[in-house]
Amino acid sequence: MNSLDPKSQRIIKDTLNLLKENPYPHSRGDKEKLHTGKNRSIYRMHIARSFTAIYTIQRLRSSISPTS
């Protein structure tokens, strides 16, 4: 990514930061779940007209401890 011009770098970083807020596809936006036939979910998101990000989502597991 360092070989890209500063404007492209900014657009990519800004768009990827949107994934922190909502990584899942919805009716608005350029995110889509890919059907790969594997056990994990893989998604893609178009960034501008020149780039596509392929990503997975790893949910944090919270542990539950019984109380006495």
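Our numbering applies: residue -18 is where the sequence shown begins, and numbers increase by one. Cβ coordinates follow ideal geometry from the N, Cα and C atoms, glycine included.
| What does a CB cutoff of less than 6 Å around residue 36 pick up in its chain, not counting 5 residues either side in sequence? | Correct list, in chain order: 24.
Worksheet entry | Residue closest to residue -10, alpha-carbon to alpha-carbon, out of 28, 12, 17 and 41 | 28
message = Can you tell me whether residue -4 is helix, strand or coil according to DSSP?
response = helix
Exercise. Alpha carbon to alpha carbon, how far is residue 4 from residue 12? Give it in angstroms, no decimals.
Key: 8 Å
Q.
Rounding to the nearest angstrom, what Cα-Cα distance links residue 16 and residue 22 in this structure?
A. Cα-Cα distance, rounded: 8 Å.
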